[in-house]
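Presented below is the structure to which this report refers.
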Amino acid sequence: MGNDVSKIKHRMSGRSIRAWNPIPAVTRTWTSSMEVRASNAPTTAMEDIPDFRWMEGRKYHAVKGSSYFLPRDNQEVDRLVMQHYMVKAIFEGNTLEQVTPLLEKKDATVLDVGYSKSQIALDSEKQILPPSRSQDVASEYSHAECHAIDMCAVFPESVKPTNVTFTKCNVLEGLPFPDKSFDVVHMRSLIFGLRAGEWPSVLAEIFRVVKPGGMVQLVESEIAYITPDPGCYTHMEKLCSILSSLGQDPFIALHLEALVPAAGFEFILHEKRSIAVGWKGKLSEIWFDDAMAIGQATKGFFAPALGMNGVEYDIYIKDLINKLRTSRSYTNWHAVVGRRPI
41 MGNDVSKIKH RMSGRSIRAW NPIPAVTRTW TSSMEVRASN APTTAMEDIP
91 DFRWMEGRKY HAVKGSSYFL PRDNQEVDRL VMQHYMVKAI FEGNTLEQVT
141 PLLEKKDATV LDVGYSKSQI ALDSEKQILP PSRSQDVASE YSHAECHAID
191 MCAVFPESVK PTNVTFTKCN VLEGLPFPDK SFDVVHMRSL IFGLRAGEWP
241 SVLAEIFRVV KPGGMVQLVE SEIAYITPDP GCYTHMEKLC SILSSLGQDP
291 FIALHLEALV PAAGFEFILH EKRSIAVGWK GKLSEIWFDD AMAIGQATKG
341 FFAPALGMNG VEYDIYIKDL INKLRTSRSY TNWHAVVGRR PI
């Protein structure tokens, strides 16, 4: 584990934080005291291509019908790769131990929904991939038939593992696979990609393509950091309000346990991992860097929503993330597993 992570950042360690409980949870009720209309955010340029636009010098998703607002450039890919290895480290693998036996089957079939957010499908033949991009499941289980989908064509072109098939597909329009096709379906970090009302239909579609006895694993983080800092808390309140104004659920990580059985799955497991923002070892430094990077990635969207120009936002977000570290704040990640009844 540590060896994989060090390929992304030399200073990162692969230590597990399974039992770590950094500070008592701050019990608060998040409110929507600030109405923010994100739709008024200006763009600096617009390409005559339907699935992206330019804001603040970066290329952003603009797929029709999607609420996803993060960039789709190389800088964002690097952040997602870094985050992928961090999440793998805190959960001690790409899949929880209850899921692993399905991957060990001789004819295992795996689907990675939202490939660019999780990237577990790659790594089919690790030796031919750049070390910093070598992902995991297909390498660890080279016998498995792996499929990866994303709404944009963000898949490798020059290097394509032999046991991975990539498909451009918006999960909101359905999955292009027959019923009962996969032993394992994995989906991670779709909090910014799905509206609250879209989760049930997406999970119903995942249920359709999972084999009887197969499993789904969902992994999401709590967007609201656990923080004792009043200024950081106020920002989290604003962030939750903005996401709610888009129809997204800022607390989806806490709702997965109920959504999985509602889709027809048997609930198997819910595990939580906490990770500090830069104040508890090398792994937490990676999360600090990720928090800073995602703060910058959302500038084109959040700066106008917060009534700031680009320069003001840069100063604001840098100060905010540093306060998260000095106040010993942390984040919770959640993994939920469900099984389709036999």
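The sequence shown begins at 41 in my numbering and counts up by one.
The beta-carbon is built from N, C-alpha and C at its ideal position, and this holds for glycine as well.
| message | Considering Cα atoms alone, identify which of ALA184, GLU306, MET126 is closest to LYS146. | response | One-based indexing of the sequence shown puts residue 146 at position 106. The option with the nearest alpha carbon to LYS146 is ALA184.
| What is the rounded straight-line gap between the Cα of GLU277 and the Cα of SER367? | What you label residue 277 is simply residue 237 of the sequence shown in a count that begins at 1. What you label residue 367 is simply residue 327 of the sequence shown in a count that begins at 1. Inter-residue distance for GLU277 and SER367 is about 17 angstroms (C-alpha atoms, whole angstroms).
| query | So is ALA298 buried or exposed if we call it buried at 16+ other beta carbons inside 10 Å? | reply | Here residue 298 refers to the residue found at position 258 when the sequence shown is read from its first residue. By the neighbour-count rule (16 or more Cβ atoms within 10 Å), ALA298 is not buried but exposed.
| What residue from GLU311, PHE328, PRO381 has the CA that sits closest to GLY318's CA? | Residue numbering aside, residue 318 sits at position 278 when the sequence shown is read from its first letter. Residue PHE328 is the option with its Cα nearest to GLY318.
| DSSP state of ASN203, grouped into three classes? | Translated into the one-based positions of the sequence shown, residue 203 becomes position 163. Note: ASN203 maps to coil in three-state DSSP.
| task | Just the C-alpha distance for VAL224 and GLU144, rounded to the nearest angstrom, thanks. | result | On the sequence shown, residue 224 is found 184 positions in, with the first residue counted as 1. On the sequence shown, residue 144 is found 104 positions in, with the first residue counted as 1. Cα-Cα distance, rounded: 11 angstroms.
| query | Between which two residues does the beta strand (DSSP E) containing ASP275 stretch? | reply | To locate residue 275, count along the sequence shown from 1; it is residue 235. Correcting the residue type first, residue 275 is His in the shown sequence and not Asp. Following the DSSP letters along the chain, one finds HIS275 in no beta strand (DSSP E) but inside the alpha helix (DSSP H) bounded by residues 270-285.
| Cα-Cα, which of GLN115, HIS124, ASP118 is closest to SER261? | By 1-based counting over the sequence shown, the position of residue 261 is 221. Comparing Cα positions, the closest option is HIS124.
| request: Would you mind working out which of ALA244, PHE232, VAL139, LEU136 sits nearest ALA302, comparing C-alpha positions? | output: Indexing the sequence shown from 1 puts residue 302 at position 262. Answer by Cα proximity: ALA244.
| message | Using a 10 Å radius around the Cβ and a threshold of 16 neighbouring Cβ atoms, would you call GLU213 buried or exposed? | response | Position 173 of the sequence shown holds residue 213. GLU213 is exposed by the Cβ-count criterion.
| query | In terms of DSSP beta bridges, what is LYS208 paired with? | reply | Within the sequence shown, residue 208 is the residue found at index 168, counting from 1. BP columns for LYS208 point to ASP190.
| said: Just list the residues that DSSP pairs GLN257 with in beta bridges. | reply: The sequence position of residue 257 within the sequence shown is 217, counting from 1. GLN257 pairs with HIS226, VAL377.
| message | Among ALA345, MET227, LYS220, TYR265, whose alpha-carbon lies nearest the alpha-carbon of VAL249? | response | Translated into the one-based positions of the sequence shown, residue 249 becomes position 209. With distances taken between Cα atoms, VAL249 lies closest to LYS220.
| query | Got a sec? Which residues, its chain only, sit under 6 angstroms from GLU87 by beta carbon, not counting five neighbours each side? | reply | As a position in the sequence shown, residue 87 is number 47, starting the count at 1. For GLU87, the predicted model reports a pLDDT of 35, less than 50, meaning its position is unreliable and no value from the coordinates is stated.
| task | Give the range of the beta strand (DSSP E) segment to which PHE307 is assigned. | result | Position 267 of the sequence shown, counting from 1, holds the residue named residue 307. From DSSP, the beta strand (DSSP E) with PHE307 extends over 306-316.
| query | Which residue's Cα is closest to the Cα of TYR353: ARG365, MET332, ASP113, SER369? | reply | The residue given as residue 353 occupies position 313 in the sequence shown. That would be MET332, whose Cα lies nearest to the Cα of TYR353.
| So, helix, strand or coil for LEU364, using DSSP? | Here residue 364 refers to the residue found at position 324 when the sequence shown is read from its first residue. Here LEU364 carries a helix assignment [DSSP, helix/strand/coil].
| said: Under 8 angstroms: do the region 257-276 and the region 374-382 share three or more Cβ pairs, one atom per stretch? | reply: For the pair of segments examined, the region 257-276 was found to touch the region 374-382: the number of CB pairs separated by less than 8 angstroms reaches three.
| query | Hey, LEU151 and PHE222 are a contact pair by Cβ (cut 8 angstroms); roughly how many whole angstroms apart? | reply | Position 111 of the sequence shown, counted from the start, is the residue given in the question as residue 151. Position 182 of the sequence shown, counted from the start, is the residue given in the question as residue 222. At roughly 5 angstroms, the Cβ-Cβ gap stays under 8 angstroms, so LEU151 and PHE222 are in contact.
| Cβ atoms of PHE305 and PHE247: under 8 angstroms apart, would you say? | Locating residue 247 in the sequence shown gives position 207, where the first residue counts as 1. Locating residue 305 in the sequence shown gives position 265, where the first residue counts as 1. In this structure, PHE247 places its C-beta atom within 8 angstroms of the C-beta atom of PHE305.
| Backbone CA spacing between CYS280 and TYR265 [nearest angstrom] | Position 240 of the sequence shown holds residue 280. Position 225 of the sequence shown holds residue 265. The alpha-carbon atoms of CYS280 and TYR265 are separated by roughly 11 angstroms.
| request: Tell me whether the beta-carbon of LEU360 lies closer than 8 angstroms to the beta-carbon of CYS272. | output: In the sequence shown, residue 360 corresponds to position 320, counting from 1. In the sequence shown, residue 272 corresponds to position 232, counting from 1. With respect to the 8 angstroms criterion, LEU360 and CYS272 are classified as neighbours on the basis of their beta carbons.
| Using DSSP with H/G/I as helix, E/B as strand and the rest coil, what is GLU130? | Counted from its first residue, the sequence shown places residue 130 at position 90. Reading off the sequence, residue 130 comes out as Ile, not Glu. If DSSP states are grouped into helix, strand and coil, ILE130 belongs with the helices.
| query | Given SER324, which residues of its chain have a CB within under 7 angstroms of its CB, disregarding the five upstream and five downstream residues? | reply | As a first step, residue 324 is located in the sequence shown; it is residue number 284 there, counting from the start. Result list for SER324: ILE315, ALA316, VAL317, GLY318, in chain order.
| message | For ILE89, count the other beta carbons within 10 Å of its own beta carbon; 16 or more makes it buried, fewer makes it exposed. Which is it? | response | Within the sequence shown, residue 89 is the residue found at index 49, counting from 1. Unreliable placement is indicated for ILE89, whose pLDDT of 43 sits below 50; no coordinate value is reported for it.
| said: Alpha carbons only, please: which of LEU309, ASN362, PHE342 is nearest the one belonging to HIS374? | reply: For this step, residue 374 is matched to residue 334 along the sequence shown. Measuring from the Cα of HIS374, the nearest candidate turns out to be LEU309.
| What are the boundary residues of the alpha helix (DSSP H) that VAL177 is part of? | Position 137 of the sequence shown, counted from the start, is the residue given in the question as residue 177. The continuous alpha helix (DSSP H) containing VAL177 extends over residues 177-180.
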